[in-house]
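Data first, discussion second: the structure below is written as structure tokens.
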Amino acid sequence: MTTDKDWNVIYSYTRAQAIEDGVLIDITADAKATGFKVHTVVTDNLYHQYIEVPTGLDRSYGQSSAGRLHDLLTLAMFAARSSKGTDRVYFKVSFLMGPDKKETVDIIAHIGPGDNAEPVLTIMLPEDD
494 MTTDKDWNVI YSYTRAQAIE DGVLIDITAD AKATGFKVHT VVTDNLYHQY IEVPTGLDRS
554 YGQSSAGRLH DLLTLAMFAA RSSKGTDRVY FKVSFLMGPD KKETVDIIAH IGPGDNAEPV
614 LTIMLPEDD
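494 is the number of the first residue of the sequence shown in this note's numbering; add one for each residue after it.
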């Protein structure tokens, strides 16, 4: 049986590269304002599908990307505080997707090692895992 040390790494894709490529979106400043203490990203899929305000939902609906991100981070913080001893939490967020149309979305928040083994947080949709 081989061990991980017996394999040659052909290619690795770092978190920093994923951020540079736009696959992960750095939201650390917003996360710190909500109470998180580690580098935090959301996946581009989550960001573009749900955090960005859908076309047609102008200010008269009270929607902004900053507000939607704040709601996501607040619910992530509640989920994290209620789950101890695990590297991921699952929670739901309801997003307004159109006039009178809400969508409840399953979200995963995962804390794990970053490029230099430091703790980092990634918030994603289940299909992004």
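For each residue, glycine too, the CB sits at the ideal point set by N, CA and C.
Compare the beta carbon distance of residue 616 and residue 569 with 9 Å and say whether it is the shorter of the two.
-> Yes, the pair counts as a contact, with Cβ atoms nearer than the cut-off.
In this structure, what does DSSP give as the bridge partners for residue 534?
-> Answer is 519, 615, bridged to residue 534.
According to DSSP, what are the bridge partners of residue 581?
-> Looking at the DSSP assignment, residue 581 forms a beta bridge with 603.
For the region 525 to 577, list the beta strand (DSSP E) runs that are entirely contained and at least 3 residues long, ordered along the chain.
-> 532 to 536
Who are the Cβ neighbours of residue 596 in its own chain at under 6 Å, not counting the five residues just before and after it?
-> Excluding residues within five positions, the ones whose Cβ falls inside 6 Å are 588, 590.
Boundaries (first-last residue) of the alpha helix (DSSP H) holding residue 509 | 508 to 514
In angstroms with no decimal places, state the Cα-to-Cα distance between residue 517 and residue 573.
-> 20 Å
Buried/exposed call for residue 623, threshold 16 Cβ in 10 Å | No information on residue 623 is available, as it lies outside the stretch 494 to 622 that the chain covers here.
When you compare only the Cα positions, how much space is there between residue 580 and residue 613?
-> 11 Å
Within 9 Å, strictly: CB atoms of residue 566 and residue 523 | yes
For residue 508, is the classification buried or exposed, using 16 other Cβ atoms within 10 angstroms of its Cβ as the cut-off for buried?
-> buried
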